[in-house]
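Numbering (our numbering), first residue to last: 1 to 260. For glycine and all other residues, C-beta sits at the position ideal for the given N, C-alpha and C. Here the structure is a predicted model, which means the values were calculated and not measured. Below you'll find the structure, written out as structure tokens, and then a few comments.
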Amino acid sequence: MDKVVPSAADAVAGIDDGASLAVGGFGLCGVPAVLISALYDRGAGNLTVVSNNCGLDGRGLGQLLAAGRIARAMGSYVGENKEFARQYLAGEIEVELMPQGTLAERLRAGGSGIPAFYTPAGVGTMVAAGGMPWRYAPDGTVAIASPPKEVRAFGGREYVLEESITTDFALVRAAVGDRHGNLVFDKAARNFNPLAAMAGRITIAEVERLVEPGELDPDAVHLPGVFVQRVLELTPGQAADKPIEKRTVRPGAPADGEGA
């Protein structure tokens with residue numbers, strides 16, 4: 001039952017060329033950066049990555065992207081990663097974009113053993129009709145386009161059929177975890193982490209604080225350990241390394257004696 005591994009290299013052991021990964025995080029919030037760096041050091045390539053976005057240039061999944069390790073990305077947001085946009089438009093990477101809620105439910109359904117579900121998101125668009133560019137050719141034409149999906153009416157409203165997602169591995173980050181793999185996430189850093197963890201056949205969690213079994217209140221557990229196979233305890237420095245994607249500050253109040 002003790003799922004703790006001694007190092008990041010041990011945590012990502014077995015992730016080889018061609019593997020598929022579900023990765024938690026949103027922008028740079030809740031990203032399993034230590035595991036991603038360990039996977040970069042491992043040298044695995046030709047990866048299929050399922051994540052909301054591909055991090056920023058050089059940060060998070062952007063580290064693997066810049067090294068040409070990602071062959072296919074499934075997500076909902078290209079974001080402000082200029083290298084991701086460049087590779088997509090140059091035909092160097094295959095990208096399947098989908099509504100954000102659809103991505104979340106496809107991951108959750110995969111982890112719950114549900115093969116497919118109907119959703120109104122995307123009806124009447126290329127999401128349902130097909131033709132979304134998955135890969136561009138070097139000349140800018142569409143080399144691979146999305147296929148049409150089944151659309152069915154329920155109660156007089158149309159819904160599109162979406163298939164669930166499961167992956168070989170999942171990489172997630174949690175605020176607290178115990179040796180059995182039970183995880184607690186911190187506020188917005190929960191984001192896609194529980195869903196990604198559910199979808200992975202082998203789920204690896206990096207935790208900022210490791211506690212012993214029984215220390216977590218069962219009612220406080222966000223993800224039960226049945227979904228987690230490996231746990232990596234971060235160092236204090238690794239746990240504190242939380243870069244901010246966009247820093248916005250409010251102008252300070254006027255000093256005494258100054259006008260408003």
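Residues that residue i bridges to, as DSSP identifies them
i, result
"C29", "F26"
"T273", "For the chain, the structure presents residues 1 to 260; residue 273 sits outside this window and is missing."
"L21", "V49, F169"
"G334", "Residue 334 is absent from the model: the chain starts at 1 and stops at 260."
"G177", "L183, L210"
"N223", "The question names Asn, but residue 223 is Leu in the sequence shown. Looking at the DSSP assignment, L223 forms a beta bridge with L183."
"V4", "V231"
Host beta strand (DSSP E) of residue i (start-end)
i, result
"G200", "200-211"
"L232", "230-233"
"R152", "151-154"
"E163", "157-163"
For residue i, the first and last residue of its enclosing alpha helix (DSSP H)
i, result
"V127", "126-129"
"A240", "236-240"
Residues near residue i by beta carbon distance below 7 Å, same chain, minus five either side
i, result
"V123", "V151, E158, Y159, V160"
"G131", "A145, S146"
"H180", "M1, K3, P213, G225"
"D186", "A175"
Spatial neighbours of residue i in its chain, beta-carbon cut-off 8 Å, leaving aside the 5 residues before and after
i, result
"A314", "Nothing about residue 314 can be reported from this structure: the residues present for the chain run from 1 to 260 only."
"I202", "G14, D168, F169, A170, Q229, R230"
"A9", "A38, D41, R42"
"D241", "A33"
Neighbourhood of residue i by C-beta distance below 6 Å, restricted to the same chain and skipping five residues each side
i, result
"G45", "D17, R69"
"V263", "This structure does not reach residue 263, given that the chain is present from 1 up to 260, and the question cannot be answered."
"R42", "V12"
"A48", "Note that residue 48 is Thr in the sequence shown here, rather than Ala. Answer for T48: S20, R72, listed in chain order."
"F227", "A197, M198, T203"
Checklist line | Runs of alpha helix (DSSP H) wholly within the stretch 35-101 (minimum 4 residues, chain order) | finding: 61-66, 82-89
Margin query: I'd like the ranges of any beta strand (DSSP E) spanning at least 3 consecutive residues and lying wholly in the stretch 104-149.
Written below: 116-119, 133-136, 142-145
Margin query: For the structure I just gave you, are there three or more beta carbon pairs, one from the stretch 99-110 and one from the stretch 186-201, closer than 8 Å?
Written below: yes
Margin query: For the stretch 163-173 against the stretch 16-26, do three or more pairs of beta-carbon atoms, one drawn from each stretch, fall closer than 8 Å, so that the two count as touching?
Written below: yes
Check: Are there three or more Cβ pairs, one per stretch, closer than 8 Å when the stretch 53-69 is compared with the stretch 215-226?
Finding: no
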